[in-house]
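Each remark here refers to the structure printed beneath this line.
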Amino acid sequence: MANTDTLAIDQQQLAAAWSETLPTVLNASDRAEVLADEAESNALRLHIATAGHSNYSFDFKCTYVDSREVKVDLVDVEVDGRNVDERTNIIQTMVDDYVRHIHECAQQLHSITK
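Right, dumping it as structure tokens:
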């Protein structure tokens, strides 16, 4: 049986809703930027910059599997604008934390995605 549960919202509207909601689930000092994925209409690109002295930035691809479920992929991690090994414990802990926040944001947006 084919999955007919698809997104029923314009990608630009979705990106705008994420831009408003994502900062509310992140640490107050983190900055987030949300862009529509130009290659996939059911995906968003998320850029999260940490506050403080670490200057970490994380790029995620958030793809809607259906109107409720998102798949989150880490694309890149940088420190001070340079790529770093994302397999270190501290970075993995931060990635896991951000993935949780991204799923929390998606849950908060269920009312507009279904």
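In numbering that gives the first Met the number 0, the protein residues as written are 0 to 113. By construction, the Cβ of each residue, glycine as well, lies at the ideal position given by its N, Cα and C atoms.
For this session: Check each candidate in A14, V83, I8 and V24 and name the one with the smallest Cα separation from Q107.
Result: Stepping through the sequence shown from its first residue, residue 107 is reached at position 108. Of the listed residues, the one whose Cα sits closest to Q107 is V24.
Problem set entry | Reduced DSSP secondary structure (H/G/I, E/B, other) of R67 | For the purposes of this step, residue 67 is identified with residue 68 of the sequence shown, where counting begins at 1. Three-state DSSP puts R67 in coil, outside helix and strand.
For this session: Count the other CB atoms, across all protein chains shown, that sit within 10 Å of the CB of H87; report buried if there are 16 or more and exposed otherwise.
Result: Counting from one through the sequence shown, the residue named residue 87 turns up at place 88. A small fix is needed here, since residue 87 is Thr in this sequence, not His. Exposed, because fewer than 16 other Cβ atoms sit within 10 Å of the Cβ of T87.
Problem set entry | Cβ shell of A48 (< 7 Å), same chain only, five flanking positions each side left out | If you number the sequence shown from 1, residue 48 lands on position 49. For A48, where only same-chain residues beyond five positions count, the Cβ hits under 7 Å are D29, R30 and S56.
Exercise. Hey, which unbroken runs of the alpha helix (DSSP H) at 4 residues or more fall wholly within the region 6-84?
Worked result: 10-24
For this session: Can you tell me which of A27, N26, N54 and T62 puts its alpha carbon nearest to the alpha carbon of S40?
Result: Residue numbering aside, residue 40 sits at position 41 when the sequence shown is read from its first letter. Per the Cα distances, T62.
For this session: Classify A38 as buried or exposed, calling it buried when 16 or more other Cβ atoms lie within 10 Å of its own Cβ.
Result: Numbered from 1 along the sequence shown, position 39 holds the residue referred to as residue 38. The residue is exposed, with fewer than 16 neighbouring Cβ atoms inside 10 Å.
Problem set entry | C-beta contact flag for K60 and D79 at 9 Å | Your numbering for residue 60 matches position 61 in the sequence shown. Your numbering for residue 79 matches position 80 in the sequence shown. Contact: no.
Exercise. Of all the options S53, E68 and E32, which has the alpha carbon lying nearest to the alpha carbon of R99?
Worked result: Position 100 of the sequence shown, counting from 1, holds the residue named residue 99. For the residues S53, E68 and E32, the minimum Cα distance to R99 belongs to E68.
Problem set entry | Reduced DSSP secondary structure (H/G/I, E/B, other) of R99 | Taking the sequence shown and counting its residues from 1, one reaches residue 99 at position 100. If DSSP states are grouped into helix, strand and coil, R99 belongs with the helices.
For this session: Please classify T117: does DSSP put it in a helix, a strand, or coil?
Result: No answer is possible for residue 117: it lies beyond the span of the chain, which begins at 0 and ends at 113.
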